[in-house]
Amino acid sequence: MTAPYNPPNKNEDFIIRIALEDISSPGSFKSSPTLAAGDFKVDKDGAGLSNLATLPTVDPAASIWVKITLSTTEMNADVVSVQCIDQTSPKEWADLAFSIPTTGA
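When we follow numbering that gives the first Met the number 0, the leftmost residue of the sequence shown carries the number 0, and every step to the right adds one.
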């Protein structure tokens with residue numbers, strides 16, 4: 000594969016798909032999770048969190064897959080960290096966090 004998938008390059012957009020755990024059924028993925036502004040934040044090299052520029056989507060529709068698109072600006076770091084926290088109460092899906100080490104420049 001080539002960009003925007005592998006490898007994750009510094010200053011190049013990047014797409015990743017994740018699945019979120021169903022908070023009411025631990026060990027199972029949440030189908031068609033509700034995603035809202037503020038649920039997904041990005042940090043670049045420990046500089047602080049900000050909302051993703053593009054709200055993630057369930058893709059394909061009615062599945063467990065959540066497509067996260069990071070812009071070239073959001074990928075302008077050596078380590079890009081993504082925080083996923085459902086802001087609703089009660090939560091629909093479990094918290095998740097991951098980091099993406101970038102290559103090149």
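The beta-carbon is built from N, C-alpha and C at its ideal position, and this holds for glycine as well.
Problem - Opening and closing residue of the beta strand (DSSP E) in which residue 69 lies - result: 64-69
Exercise for the section: Have a look at 99, 57, 93 and flag the residue whose alpha-carbon is nearest the alpha-carbon of residue 31. Expected result: 57
Practice task
Could you give the DSSP three-state label for residue 0: helix, strand or coil?
Solution key: Because the pLDDT of residue 0 is 43, which lies under 50, any placement of that residue in the model is unreliable, and the number read from its coordinates should be weighed accordingly. Of the three classes helix, strand and coil, the one that applies to residue 0 here is coil, per DSSP.
Exercise for the section: Report the rounded CA-to-CA distance for residue 89 versus residue 40, giving the unit in angstroms. Expected result: Between residue 89 and residue 40, the C-alpha separation is close to 20 Å.
Practice task
Using three-state DSSP, classify residue 41 as helix, strand or coil.
Solution key: It is a strand residue.
Problem - Given residue 17 as reference, the closest of 82, 48, 49 once Cα atoms are compared - result: 82
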